[in-house]
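Heads up, the thing below is written out as structure tokens.
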Amino acid sequence: MTNNIYQFFFIYLYSIITLFLLAVIGDFVSISIFLSKNIFIYKNIFLYCFLYAICFFAIRIIITNQVSNIFIFIISLALSYFFLINKEINAYQLLIILSVFIAFNLLLQKYFTAKNFSNFLFEVSFLKFLKTNSLIFFSFIIIFPFYLMFVSSLKSQMVLLQNPTDLSIPFFYSISDFFSSYIAVITQYNFLNFALNSTIVSFVTVFVSLFFSIPGAYAVARLRFAGRSKISSSILIIYMVPAIVLVIPLYVIFSQLGFRNSLFSLMIVYPATTIPVALYMLQGYFKGIPYELEESALIDGCSRIGVILRITLPLSVPAILSVSLYVFMIAWNEFLFAFMFLDNQEYFTIPRGLYTQLDDQEVPRQYLMAGSVMITVPVLLLFFIFERYLVGGLTAGSVKG
Amino acid sequence: MFNLNKEAKLAYTMLIPTISIVFLIILFPIFGNFWLSFKEVKLGDLRAPQPIIKEKLKTKDIEPGDDILIEYRFKNSSQKKPIFNIEITDKISEFISPVEIAEGCSVNNNLLSCYFEEWKPKYNEKIIFKFKANDNFEIDNFNPKESKPRGVADADNILTNLKFSLKNFQKILQKNETIENIKVTFLYSFFATIGALLLGISAALLLEKNFLGKGFFRGLFLFPFVSPVIAVAFTWVYILDPFKGFLNNYLLNNEFISEPIFFLGLKKVDFLGFDFPFTLFIVILFESWRYFPLAFLFILARLQAIPKDLYEASDIDGATRIQQFFYITLPQLLGVISLLFILRFIWNFNKFEDIFLLTGGNAGTRTLTVQVYDEAFALSNMGTASSVAVLIFILLAIFVFIHQKIAPKDIEE
Numbered sequence: 001m002t003n004n005i006y007q008f009f010f011i012y013l014y015s016i017i018t019l020f021l022l023a024v025i026g027d028f029v030s031i032s033i034f035l036s037k038n039i040f041i042y043k044n045i046f047l048y049c050f051l052y053a054i055c056f057f058a059i060r061i062i063i064t065n066q067v068s069n070i071f072i073f074i075i076s077l078a079l080s081y082f083f084l085i086n087k088e089i090n091a092y093q094l095l096i097i098l099s100v101f102i103a104f105n106l107l108l109q110k111y112f113t114a115k116n117f118s119n120f121l122f123e124v125s126f127l128k129f130l131k132t133n134s135l136i137f138f139s140f141i142i143i144f145p146f147y148l149m150f151v152s153s154l155k156s157q158m159v160l161l162q163n164p165t166d167l168s169i170p171f172f173y174s175i176s177d178f179f180s181s182y183i184a185v186i187t188q189y190n191f192l193n194f195a196l197n198s199t200i201v202s203f204v205t206v207f208v209s210l211f212f213s214i215p216g217a218y219a220v221a222r223l224r225f226a227g228r229s230k231i232s233s234s235i236l237i238i239y240m241v242p243a244i245v246l247v248i249p250l251y252v253i254f255s256q257l258g259f260r261n262s263l264f265s266l267m268i269v270y271p272a273t274t275i276p277v278a279l280y281m282l283q284g285y286f287k288g289i290p291y292e293l294e295e296s297a298l299i300d301g302c303s304r305i306g307v308i309l310r311i312t313l314p315l316s317v318p319a320i321l322s323v324s325l326y327v328f329m330i331a332w333n334e335f336l337f338a339f340m341f342l343d344n345q346e347y348f349t350i351p352r353g354l355y356t357q358l359d360d361q362e363v364p365r366q367y368l369m370a371g372s373v374m375i376t377v378p379v380l381l382l383f384f385i386f387e388r389y390l391v392g393g394l395t396a397g398s399v400k401g
Numbered sequence: 402m403f404n405l406n407k408e409a410k411l412a413y414t415m416l417i418p419t420i421s422i423v424f425l426i427i428l429f430p431i432f433g434n435f436w437l438s439f440k441e442v443k444l445g446d447l448r449a450p451q452p453i454i455k456e457k458l459k460t461k462d463i464e465p466g467d468d469i470l471i472e473y474r475f476k477n478s479s480q481k482k483p484i485f486n487i488e489i490t491d492k493i494s495e496f497i498s499p500v501e502i503a504e505g506c507s508v509n510n511n512l513l514s515c516y517f518e519e520w521k522p523k524y525n526e527k528i529i530f531k532f533k534a535n536d537n538f539e540i541d542n543f544n545p546k547e548s549k550p551r552g553v554a555d556a557d558n559i560l561t562n563l564k565f566s567l568k569n570f571q572k573i574l575q576k577n578e579t580i581e582n583i584k585v586t587f588l589y590s591f592f593a594t595i596g597a598l599l600l601g602i603s604a605a606l607l608l609e610k611n612f613l614g615k616g617f618f619r620g621l622f623l624f625p626f627v628s629p630v631i632a633v634a635f636t637w638v639y640i641l642d643p644f645k646g647f648l649n650n651y652l653l654n655n656e657f658i659s660e661p662i663f664f665l666g667l668k669k670v671d672f673l674g675f676d677f678p679f680t681l682f683i684v685i686l687f688e689s690w691r692y693f694p695l696a697f698l699f700i701l702a703r704l705q706a707i708p709k710d711l712y713e714a715s716d717i718d719g720a721t722r723i724q725q726f727f728y729i730t731l732p733q734l735l736g737v738i739s740l741l742f743i744l745r746f747i748w749n750f751n752k753f754e755d756i757f758l759l760t761g762g763n764a765g766t767r768t769l770t771v772q773v774y775d776e777a778f779a780l781s782n783m784g785t786a787s788s789v790a791v792l793i794f795i796l797l798a799i800f801v802f803i804h805q806k807i808a809p810k811d812i813e814e
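Laid out in structure tokens, this is it:
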């Protein structure tokens, strides 16, 4: 029985934490969607959760049948009414807390109605809470920065300075006000030019990198030759080479050769750094294609090149797609080399342009955020469309980041 | 069945382009980095010394038959180094012919060519060349500047000569900063790796079972990893800004704090009697946030490959979930965790952009990679920059070697 008391206490404590966490999330949701300013007082929310949990705990200990549900319902109504009347909690937060609480209640049901509180049931319900909480926590820490980036880019300078905690989307703006930061970034800061440069460099990188890595990957995956195992293990070692070790000598060499400050320099370096990754991912996939298919074609008199073009490549379209996407993302997001090599504004890629043009205390923050949104959206869009391929490809070959 | 030689030949032809580009852009620069680290190269030395020649017409209102004075200015671009075997060529107008020109110069077919043996450092001289206007002289078509004089010279190139010294290493090892940076780099790489792994394991355990919306969450969890570093770094800098930022204002409004916290500008905070590197901690949190998706993906893939009968057997034996985690799941994941640890540690060790964009290396977050950048471009010293890079390379090699010795081996590989 003492064991059960501990478990009760644990669940009870846990319910306070869960409710509190949910209340905080509720607060963020209410300042972002409904109210645009936070009138949230943590002391009160905590008090509310505490009282709620005590009632819950007491009733569950005394009565363990269906009647308890009605009791809890009545008490929660009374509690909510009291807090609402005293304006210590706002209606939206209450709504969120209550709706979550119902789900929470249903989960606990199993635990309390069981005749003997076994360790197994305790663990199951505990893990369920933990999972729900963690899922909310993870989603929150991931969504929040992106949401803030997006919302800030829509605000005017004045609103941002006056009320930095306002997360609401300004729906009442006219269309031109709504996108004013985007328009400013494009017209004043030459953003389209950067985007064009980034696009060119990224596409060239994808094509060059595929062009070199497909034959290489096929050779490593399928053909027998001396030194094959050495090559496939050295691919992995090349992963580990720090970019910062390459950047100084490449800076020196490219300066001497006179093409440092150009898109061409990036078009050389990006494929070279992505080829090992692409090769590794592709050879993993090629190895998975049944060799019998190729063998039968070879016996029928097809040449190796013919086999690659007619059998291997058509079968590995998903892998090629995922490699292209991954390489595209690397090239699109790359900052270090662009930052070191490019001096002239006309050659800037987006990350380079963002850094020089918009990361300045003089430039309003919403412009910086608008630029950030514009560089992130294409990547995330591509990612969401092709997510399935990409996830498979990423895990097929260990991938650099 | 197949001709082995032919197959090998084909393999080599397919691999040669790939290998050569990797060799050129990756292996050769590594060698170049070692080469540079033994040379005292400044940023300014990248431009080799060369002759600079300018011409200027000194005479006005020229009639046919007049003397024309053209001033040539010869200059050595370098302040420190001499140049040798200077050859200068300049096309001169067909309407003029030479009268008096400097020693070492001659005119042939309207082409002025000069040769000098050596120009000392800071050499700068004006020489007046005297020409005569021919009878067919037309003032409208006469423009001495229409062709630029060209000069070539040999110079001792510091990048390619064979003089080496250990001064760069002496310099960086004498700096107190370097030792501090090595410490910061290790702390940062180690704890950011641990953070990313812990978050990754928890996220993977969350999405282990199939449930509605699993695909959505899996996509969502990868966001920080696939987004451009510059966008997420700027967003976090904005959130953490002491005055305009969301977090400080939120905490202030709720009276959790009475004055703003400088999240990215507090080197040390007194915490239970010892100095806690606060900004480094924040940067480590950012790094864990940004890179946990990779660990998450790998561990999720491995989790789903664990045979289900292991769990069933332990269920029958009466094991609890927590026991199952520690006695079945964790040992099965050990291989992939060890692999991820080494990979993430190395990549964190090599990371430059994240810290550079968040703090610029200030407030106790200067890692070795940021030091490379500072040496090269803030202090304009390519030599010491590459010697720091060599230091990174050596430390990494040592680390990989130790890991190879002690790490548990992945069962799959």
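Quick note, the sequences are listed as chains Z and V, same order. For the first sequence, this note's numbering gives the first residue as 1, with consecutive numbering after it. For the second sequence, this note's numbering gives the first residue as 402, with consecutive numbering after it. Ideal Cβ positions, reconstructed from N, Cα and C, are used throughout, including at glycine.
Contact under 8 Å by Cβ, residue i with residue j
i	j	result
residue 757 of chain V	residue 146 of chain Z	no
residue 631 of chain V	residue 335 of chain Z	yes
residue 224 of chain Z	residue 409 of chain V	yes
residue 821 of chain V	residue 598 of chain V	Residue 821 of chain V falls outside the range modelled here, since chain V spans only 402 to 814, and no answer is possible.
residue 692 of chain V	residue 745 of chain V	yes
residue 565 of chain V	residue 439 of chain V	yes
residue 734 of chain V	residue 609 of chain V	no
residue 245 of chain Z	residue 793 of chain V	yes
residue 681 of chain V	residue 589 of chain V	yes
residue 760 of chain V	residue 684 of chain V	yes
residue 311 of chain Z	residue 297 of chain Z	yes
residue 389 of chain Z	residue 321 of chain Z	yes
residue 374 of chain Z	residue 191 of chain Z	yes
residue 208 of chain Z	residue 271 of chain Z	yes
residue 279 of chain Z	residue 430 of chain V	no
residue 768 of chain V	residue 585 of chain V	yes
residue 514 of chain V	residue 490 of chain V	yes
residue 286 of chain Z	residue 221 of chain Z	yes
residue 154 of chain Z	residue 178 of chain Z	yes
Residue of the options minimising C-alpha distance to residue i
i	options	result
residue 423 of chain V	Z:249, Z:180, Z:238, Z:360	Z:238
residue 700 of chain V	V:571, V:607, V:672, V:628	V:607
residue 472 of chain V	V:483, V:459, V:481	V:459
residue 405 of chain Z	V:664, V:582, V:573, V:605	Absent from the model: residue 405 of chain Z. The displayed extent of chain Z is 1 to 401, so no value can be given.
residue 648 of chain V	Z:21, Z:366, Z:28	Z:28
residue 205 of chain Z	Z:180, Z:175, Z:276, Z:135	Z:276
residue 52 of chain Z	Z:24, Z:338, Z:98, Z:283	Z:98
residue 650 of chain V	Z:160, Z:382, Z:77	Z:160
residue 132 of chain Z	V:505, V:603, V:544	V:603
residue 509 of chain V	V:568, V:492, V:501, V:675	V:492
residue 306 of chain Z	Z:331, Z:294, Z:284	Z:294
residue 795 of chain V	V:496, V:478, V:776, V:750	V:750
Residues that residue i bridges to, as DSSP identifies them
i	result
residue 556 of chain V	V:484
residue 388 of chain Z	Answer by DSSP bridge pairing: none, since residue 388 of chain Z is not bridged.
residue 410 of chain V	In DSSP, residue 410 of chain V forms no bridge with anything.
residue 499 of chain V	V:532
Any non-hydrogen atom of the ligand GTP closer than 7 Å to residue i Cβ
i	result
residue 388 of chain Z	Summarising the ligand content, the structure contains no ligands, and the ligand GTP is consequently not present.
What residues in the region 306–335 of chain Z have a beta carbon less than 8 Å from any beta carbon of chain V?
Here the close residues are 329, 332, 333, 335.
Go through the region 203–251 of chain Z residue by residue and report every complete run of the alpha helix (DSSP H) that reaches 4 residues or more, in order.
228–239
Proximal residues, the region 427–446 of chain V versus chain Z, C-beta separation under 7 Å:
427, 430, 431, 433, 434, 437
To be precise: take each residue of the region 579–611 of chain V, compare its Cβ to all Cβ atoms of chain Z, and keep it if any distance is under 7 Å. Which residues remain?
603, 604, 607
Report the residue ranges of all alpha helix (DSSP H) runs contained in full by the region 598–666 of chain V; include only those spanning at least 4 residues, in chain order.
615–622, 624–627, 630–641, 647–654
In chain order, what are the residue ranges of uninterrupted alpha helix (DSSP H) at least 4 long that sit wholly in the region 291–328 of chain Z?
291–299, 304–307
Using a Cβ-Cβ cut-off of less than 8 Å, list which residues of the region 199–230 of chain Z approach chain V; keep chain order.
212, 213, 215, 216, 218, 219, 220, 223, 224, 225, 226, 228
Listed from N- to C-terminal order along the chain, which residues in the region 629–661 of chain V have their beta-carbon within a distance smaller than 7 Å of any beta-carbon of chain Z?
629, 630, 631, 632, 633, 635, 636, 637, 639, 640, 645, 646, 647, 650, 651, 654, 655
Interface positions of the region 150–184 of chain Z facing chain V (Cβ-Cβ less than 9 Å), listed along the chain
152, 160, 161, 163, 164, 165, 167
Within the region 721–774 of chain V, ranges of the alpha helix (DSSP H) (whole runs, at least 4 residues)
722–725, 731–751, 754–759, 769–774
Any C-beta of chain Z within less than 7 Å: which residues of the region 760–772 of chain V qualify?
Residues 770.
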